[in-house]
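Below is one structure, written out as C-alpha cells; comments come after it.
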Amino acid sequence: MADQDIKHSPKGDIDVSSEKDVVEGVVVTVTKEENDRIKKKTDMVILLILIWVYFLQILDKGVLGTAALFNLQSDMKLVGNQYSLIGTIAPAAQLAWQPFSAYILVNVPPRILMPTMILGWGIAVTCMAACNTFGTFMAARFFMGLFEAGCMPLFTILTGRWYRRIEQPIRIALWYSGNGTGTMVAASLAYGLGHIQSDILKPWQIIFLFVGLVTVVTAPFIYWKLDNDVTTARFLTEHERHQAVERLRANKNSSTSYEFKWSQALEVFLEPKSWLFITMALLPNMGSALPSLFGPLIVTGFGFDKFQAALLNIPFGAITTIVIILSCWASHKAKLKSAVLAAFMLPVVVGIAILYALPHDDKKNQGPLLFAYYLTSFIYAANPLLLSWVVGNTAGAAKMSTMVAFYQAGTSAGALSGPLLFTADQAPGYLAGTRAVLGLFIALLGCVGIQFLNLWFLNKQHKKRRIANGKAGDIKDTSMTTEVGVDRNVQGEQGEQGEEVPFKDITDKENDEFVYIY
3 MADQDIKHSP KGDIDVSSEK DVVEGVVVTV TKEENDRIKK KTDMVILLIL
53 IWVYFLQILD KGVLGTAALF NLQSDMKLVG NQYSLIGTIA PAAQLAWQPF
103 SAYILVNVPP RILMPTMILG WGIAVTCMAA CNTFGTFMAA RFFMGLFEAG
153 CMPLFTILTG RWYRRIEQPI RIALWYSGNG TGTMVAASLA YGLGHIQSDI
203 LKPWQIIFLF VGLVTVVTAP FIYWKLDNDV TTARFLTEHE RHQAVERLRA
253 NKNSSTSYEF KWSQALEVFL EPKSWLFITM ALLPNMGSAL PSLFGPLIVT
303 GFGFDKFQAA LLNIPFGAIT TIVIILSCWA SHKAKLKSAV LAAFMLPVVV
353 GIAILYALPH DDKKNQGPLL FAYYLTSFIY AANPLLLSWV VGNTAGAAKM
403 STMVAFYQAG TSAGALSGPL LFTADQAPGY LAGTRAVLGL FIALLGCVGI
453 QFLNLWFLNK QHKKRRIANG KAGDIKDTSM TTEVGVDRNV QGEQGEQGEE
503 VPFKDITDKE NDEFVYIY
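Here the sequence shown is numbered in the numbering used here, starting from 3 and rising by one per residue.
Laid out in C-alpha cells, this is it:
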C-alpha cells in the first residue's frame, strides 16, 4: 500500500482532496486491532503527558489549602479576608486571559504552548516560597493563574484532536483525576514536609519550593515528547498517521485548522447552548471553593489538629479520583451526559446539606460531618463530564477553541467568586458560605435539564434540514460507537455530502449531519 504525505491548504485546513485520496476506499483501512494499537500508542504518549501536567497544575494550585495549615496566614500577617482574596487572584488572572486564549489556542502549536505555560506557572509557584507579604504573594499567584489559564482549554482541544468522541470521556476523566491525586499528594507533602525543622525555611515555604521546582523541570521534557496532532505524530509510523486520521473521520470535526475564523467565534456567543454550558461551568466551580480552599480549615473545625486535617484529606483525594473515573465511565457506557451529571451531583447536595444542618462543635457529629465532607468530593465529577459534553457538541476549529475558552471563563469566574462566599467571621464552620453553595448545586441540576431539552430540539432541527436537503432524516452517529472501518459505508447509505464533510472546518450548526449528544 502506497503511503502519501498528509497535505494542508494554505489556510491551514486539511487539504480535503489529498486527504480523501489517502483514506478513500481500500487505500487506507483500519481494522479493530490496528485501531486499538494506534489508540494504545496515543495513550502511552499524549494521555500520559496530559495526566502528568494536569496533576502538576492541580498540585501547584492546591497546596495553598494545605500550606494554610502551617501558619502561612500568621507568617504573612494576613488580616480580614486577605486569605480569601489570595484564593481569588489566580482565577481572576485566568478569566482576564480567556479572550486571548481562544486566539492563541488556534495559532500557537501545542508543542510550543504547553511547555511555555508549564515553565511560567512553575517559576511563579517557586517564587511563592520567597514571598513574605500579602502583595508579593498576590503577584506570584496572579502569574501562576495567568500561565495556567490555557491549561484546561488546551487539554480539552487535544483530547478532541486525538480521540474519537466515544473515547473522550474516559480520557478526560483520566487526566482530570489529577484533582484527586493532586489532593492526595498535596496532603501527603504537607504532612511530610510540615515536620521538617529548619532555621531558614518555614514548612509552607518548603512545600511551595518543592512543587514549583518539579514543575519547572517538567517543561523541557514536555517539549521533547509532545506532538501537535495525528498528522505529525512522531510515535506513529507514516501509515499509522493516515490510519489515525481515518479513525477520527466520524467525529465530523476538523481539529487541525490553524486559521481563526471569526464567524465561528461569533456563533458561540449567539447560541443558547453556549450560555447554558458557561452557566454550568460557573456553578460547580463556585461551589468547589468549599472543599478546595476551605476544606482543610473546615475539617479542623470538627475538632482535628492540623496534621490530622492534612491526613484526612488523603481519603478525600482518593474518593475524588474514583468519582471522576467512575462518572466518566458511566457516561461512556450510557452515552448520556445529562443524566449521569445529574446523578453525580445529588451526593453533593446531600453532603452540603448535612454540613449545614449539623452543629460542628459537637464531638458526636465528627463522623457524620466527615462523611458529609467526603460526599462533597463528588463536585469534581462535574468538570470532566461537562468538558466531554462541550467537546462532543462542538465542531469547527475556531468555534472549539472559543467554546473551551468560554467554558474556562466560566470556571475561572466561579473559582474567582466562590471564595468570596466564605468570610473570616464565618470561621470555623463557614455556614453562610455552605448554605450558598447548596443553592448553587440545586440551580446546576435545573440547568442540566434545560440543556437536555435544548440539545433534543437542535437534533430535531437538523433532522428537518436533512430531509429538506434530500437526505435521510435519521442517521447513525458512528463517532459514538467503538466500531472502525464502517464510517464511510454508513455515510454512503445515509446520503452524506461526500467524503469531504468530516475534514471540512465547518461548525456543528452548519453541518446538518452533526448529531448532538444529550
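Idealized CB from N, CA, C, for every residue including glycine.
Query raised in the report: Going straight from the alpha carbon of residue 89 to that of residue 292, what length do you get?
Result: For residue 89 and residue 292, the distance between alpha carbons rounds to 12 Å.
**Report entry** Straight-line Cα distance separating residue 91 from residue 140
**Finding:** CA-CA distance, residue 140 to residue 91, rounds to 7 Å.
**Report entry** Entirely enclosed alpha helix (DSSP H) segments - the segment 205–266, minimum 4 residues
**Finding:** Complete alpha helix (DSSP H) runs here, min 4: 205–227, 240–249.
Requested in this report: With DSSP collapsed to three states, give me the class of residue 428.
Outcome: In the three-state reduction of the DSSP assignment, residue 428 falls in the helix class, which pools H, G and I.
Requested in this report: Enumerate in chain order the residues of its own chain whose CB-to-CB distance from residue 313 is below 7 Å, with the five nearest sequence positions on each side excluded.
Outcome: Excluding sequence positions up to five before and after residue 313, its CB lies within less than 7 Å of the CB of 189, 193, all in the same chain and listed in chain order.
Report task. Could you say if the segment 383–397 and the segment 91–110 meet the contact criterion of at least three C-beta pairs nearer than 8 Å? Result -> Result no; under three Cβ-Cβ pairs closer than 8 Å.
Requested in this report: Work out the CA separation of residue 151 and residue 414 for me, nearest whole Å.
Outcome: Per the coordinates, the alpha-carbon of residue 414 lies some 8 Å from the alpha-carbon of residue 151.
Query - Every unbroken alpha helix (DSSP H) within the segment 48–105, with a cutoff of 4 residues, ordered by chain - result: For the segment 48–105, whole alpha helix (DSSP H) runs of length 4 or above, ordered along the chain, are 50–69, 74–77.
Report task. From the DSSP output, in three-state form, read off residue 170 for me. Result -> Here residue 170 sits in helix by DSSP.
Query raised in the report: Below 9 Å between beta carbons: does that hold for residue 393 and residue 161?
Result: The criterion of a C-beta distance shorter than 9 Å is satisfied by residue 393 and residue 161.
Requested in this report: Please go through the same chain and pick out, in chain order, the residues whose beta-carbon is closer than 7 Å to the beta-carbon of residue 127, but skip the five residues on each side of it.
Outcome: Here the set comprises 62, 146, 210, 213, 214, 217.
Query raised in the report: Nearest to residue 323 by alpha carbon, out of 385, 245, 266?
Result: The alpha carbon of residue 323 has as its nearest neighbour, out of 385, 245, 266, the alpha carbon of 385.
Report task. Just confirm the distance between the C-beta atoms of residue 40 and residue 245, as a whole number of angstroms; I'd bet it's less than 8 Å. Result -> Yes, they are in contact, since the Cβ atoms of residue 40 and residue 245 sit about 6 Å apart, within 8 Å.
Query raised in the report: Straight-line CA distance for residue 302 to residue 360?
Result: Distance between the alpha carbons of residue 302 and residue 360 is about 15 Å.
**Report entry** alpha helix (DSSP H) runs wholly inside the segment 149–199, at least 4 long, in chain order
**Finding:** Runs found: 153–164, 170–178, 180–195.
Query - Boundaries (first-last residue) of the alpha helix (DSSP H) holding residue 518 - result: The continuous stretches of alpha helix (DSSP H) do not include residue 518, and DSSP gives it neither H nor E.
**Report entry** Spatial neighbours of residue 187 in its chain, beta-carbon cut-off 7 Å, leaving aside the 5 residues before and after
**Finding:** 61.
**Report entry** Cα-Cα separation between residue 45 and residue 181, rounded to whole angstroms
**Finding:** C-alpha of residue 45 to C-alpha of residue 181: approximately 19 Å in a straight line.
Requested in this report: Could you have a look at residue 362 and say whether DSSP puts it in helix, strand or coil?
Outcome: Three-state DSSP puts residue 362 in coil, outside helix and strand.
Query raised in the report: residue 283 and residue 412: beta carbons closer than 9 Å?
Result: Going by C-beta atoms, residue 283 is nearer than 9 Å to residue 412.
**Report entry** Neighbour-count burial assignment, residue 476, 16 or more Cβ in a 10 Å radius
**Finding:** Result: exposed.
Query - Best match in 267, 367, 443, 269 for proximity to residue 346 [C-alpha to C-alpha] - result: Among 267, 367, 443, 269, the Cα nearest to that of residue 346 is on 443.
Report task. Counting only the same chain and skipping the five closest in sequence on each side, list residues whose C-beta sits under 6 Å from that of residue 267. Result -> If we look at residue 267 and ignore the five residues flanking it on each side, its Cβ neighbours are 400, 404.
Query raised in the report: How far does the alpha helix (DSSP H) with residue 300 in it reach, from first residue to last?
Result: Segment 297–302, the alpha helix (DSSP H) holding residue 300.
Query raised in the report: Buried or exposed: where does residue 35 fall if 16 or more other Cβ atoms within 10 Å of its Cβ makes it buried?
Result: By the Cβ neighbour-count rule, residue 35 is exposed, with fewer than 16 other Cβ atoms within 10 Å of its own.
Report task. Quick one: grab the DSSP three-state call for residue 42. Result -> In the displayed model, residue 42 falls within a helix according to three-state DSSP.
Query raised in the report: Contact check, residue 179 vs residue 321 under 8 Å by CB: the rounded distance?
Result: That belief does not hold up - the Cβ atoms of residue 179 and residue 321 are roughly 11 Å apart, past 8 Å.
Query raised in the report: What does a CB cutoff of less than 7 Å around residue 159 pick up in its chain, not counting 5 residues either side in sequence?
Result: If the five residues before and after residue 159 are omitted, its C-beta is found closer than 7 Å to the C-beta atoms of 107, 402, 403, 406, all from its own chain and listed in chain order.
**Report entry** Three-way DSSP call (helix, strand, coil) for residue 493 in this model
**Finding:** Here the model assigns residue 493 a pLDDT of 47, short of 50, so the residue's position is not dependable, and the following value carries that caveat. If DSSP states are grouped into helix, strand and coil, residue 493 belongs with the helices.
**Report entry** Whole-Å CB distance - residue 300 paired with residue 375, under 8 Å assumed
**Finding:** Yes, residue 300 and residue 375 are in contact; Cβ-Cβ is about 7 Å, under 8 Å.
Query raised in the report: How about residue 53 and residue 206: do their beta carbons lie closer than 9 Å?
Result: No, the pair does not count as a contact, with Cβ atoms beyond the cut-off.
Requested in this report: Would you mind giving the Cβ-Cβ distance between residue 451 and residue 285, rounded to the nearest angstrom? I have them listed as a contact below 8 Å.
Outcome: Not quite, the Cβ-Cβ distance comes to about 13 Å (not below 8 Å), so this is no contact.
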